[in-house]
Each structure stands twice: as structure tokens, then as C-alpha cells.
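One structure below.
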Amino acid sequence: MIKLEKQGFLVVPSIRDVKYLKYTLESECREVLLSNAHIGNLKQLTENCHRNGQKVIVNHELIGGLGNDRIAFEMLKKLYKVDGVIGSSVSKLNQMQHMGLETIFRISLIDSHSVEMALRSLKGVNFTAVELRPYSHAVEFLPMFKEIFTGKFFAGGFINSEERIKICQKAGFDGVMTSTKKLWSYIE
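Position 80 of the sequence shown, counting from 1, maps to 1144 under this note's numbering, and the rest follow consecutively.
Next up, the structure:
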């Protein structure tokens, strides 16, 4: 997802348990979302992925032991050498973008108010991509978001079958993020 290539639909593995990282290292995935890392293992996990030619995305809100301030964000870039960050805070993502990290705005579509707020938040931002979740609402609301944001879009949340990946492709998404291991090697 980082420095996205226009020619391909991406399936980005979301690694919730470190024991599953070996499967992505054996795959042709170009990006990996480390969903359950902590400050004690993040550097090694990132190095393993980079050795395999994979970009590393982290959710700064879920990294165990990491603070939520400018110093923590600098550590993500300089010490842990992650390539991108996904999160739900526009202000935090803006800070990380200014530090040279790729940024993915995670939007949870839970009701009409959350859709309105997200559409407003997207005006004037220049993030690398947006992730809409959960899958069913992401497909429904993608056209509205594409009117406001011209970057890349990913679907997430309950992407657990090839059928759902195909629906996301047909809807116009650039890729999906999934923790469903059997889909990590999906190629149409």
C-alpha cells in the first residue's frame, strides 16, 4: 500500500499474532500490517519484513508500550523504521505525515454520523490512503468518499472470503486488509 503501484489490487495481511508472520514472509505480499506488535518486538519484525522486500504498516494506537506523542512517532520512523502508519486520528496522522511516514486514515462506518464526520475530516487532507470498514458498509459508501478523496482506498473488517475480495475489487477499491490467513496469497 505504501507508494502504491497503480497496476495491482493489493491484499494486505493483517498480522494479529506474530506466529503468523512466517506465512507472509513466504508469500508475495508487498505490504504487511503488523496489528499486534509491541516496542520489544517491532524492530525485529520490521527488519524481517524489509529483508523480504515488504513494506511495514503499523497501527500506532495498538503498539504495546508506545506513547502517543511526537517522540513516539519519531521512534516509529527512525528507530523502528516502519514505512507507514494507519490510525483514526487526523491530527496524529498529520504529525506522522510531516515526519515522512506514509499515512492511512482508518474510518469505521458505524452510523450516519460517523460517515458525515469522516467525510468532513477528509476534506483538505493528503494521506496516502483511506481504509473504510467494515467491509459491507465500505462497499456501500465508497462512492461518497471517492467524491472527496482522490487517493487510494482499502476495505477492511470482515474480509474473510474470496467472494468479498471480488466484491471490493468490483466496487473500485485498490485493495483490502485482512487477518484471514487463507486470503493472503489471493491473486485474481
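Think of the CB as a built atom: it goes at the ideal place given N, C-alpha and C, for glycine as much as any other residue.
Within 9 Å, strictly: CB atoms of residue i and residue j
i: Leu1183; j: Phe1217; result: no
i: Val1194; j: Arg1228; result: no
i: Phe1205; j: Leu1157; result: no
i: Val1146; j: Val1179; result: no
i: Leu1106; j: Leu1085; result: no
i: Ile1150; j: His1124; result: yes
Reference residue i; option with closest CA among the options
i: Met1208; options: Ser1091, Phe1237 and Glu1227; result: Phe1237
i: Val1075; options: Gly1220, Ile1150 and Glu1138; result: Gly1220
i: Ser1099; options: Ile1079, Arg1170 and Glu1180; result: Ile1079
i: Met1241; options: Lys1141, Val1154 and Cys1093; result: Cys1093
i: Val1189; options: Leu1140, Met1163 and Val1154; result: Val1154
i: Asn1112; options: Val1122, Leu1089 and Gly1215; result: Leu1089
i: Met1181; options: Met1160, Ile1212 and Gln1159; result: Ile1212
i: Thr1214; options: Phe1191, His1124 and Tyr1144; result: Phe1191
i: Ala1235; options: Lys1141, Ala1202 and Lys1246; result: Ala1202
i: Thr1167; options: Ser1176, Lys1141, His1177 and Thr1244; result: Lys1141
i: Val1122; options: Gln1233, Tyr1250 and Phe1137; result: Phe1137
Backbone secondary structure at residue i - three-state DSSP
i: Glu1166; result: strand
i: Pro1207; result: helix
i: Phe1073; result: coil
i: Thr1088; result: helix
i: Cys1232; result: helix
i: Ser1243; result: coil
i: Tyr1250; result: coil
i: Lys1187; result: coil
i: Leu1157; result: helix
i: Ser1225; result: coil
Cross-strand partners of residue i (DSSP beta bridge)
i: Ala1193; result: Ile1168 and Lys1216
As an exercise, report each continuous alpha helix (DSSP H) stretch of at least 4 residues that is fully enclosed by the segment 1070-1154, in chain order.
1085-1089, 1106-1115 and 1134-1142
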